[in-house]
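Each residue of the sequence shown is one higher than the one before, starting from 3 at the first, in my numbering.
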Amino acid sequence: MFLLAFLSFSNRSLSLTDYKIKRFCAKEKRVSLCIKNLQEKRSDLKKGKLIEIPVTPSKR
């Protein structure tokens, strides 16, 4: 039962909302370019295409 519930909500739980994209890109120099790139990556991911995700190290 738990597994069925997990699989049914898995697609919605991993999606990146517009609000999260704007909040993430607020720190960037070119906000509009950052938003556009992340929205394109999100649409490619929904279509099933592979995307490259950059990893930034956290500052302590």
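Heads up, the beta-carbon is just placed ideally off N, CA and C, and yes, glycines get one too.
{"Asked": "Assigned secondary structure, E42 (DSSP; H/G/I helix, E/B strand, else coil)", "Found": "helix"}
{"Asked": "Short Cβ contact (8 Å threshold) for L47 with C27", "Found": "no"}
{"Asked": "Beta-carbon proximity list for I44, same chain, < 6 Å, skipping 5 on both sides", "Found": "Per the sequence shown, the amino acid found at residue 44 is Arg instead of Ile. The residues are L18."}
{"Asked": "Pairwise C-alpha distance: I23 and R32", "Found": "13 Å"}
{"Asked": "Integer Cβ distance of C36 from E30, believed to fall under 8 Å", "Found": "4 Å"}
{"Asked": "Per-residue DSSP class, three states only, for R25", "Found": "helix"}
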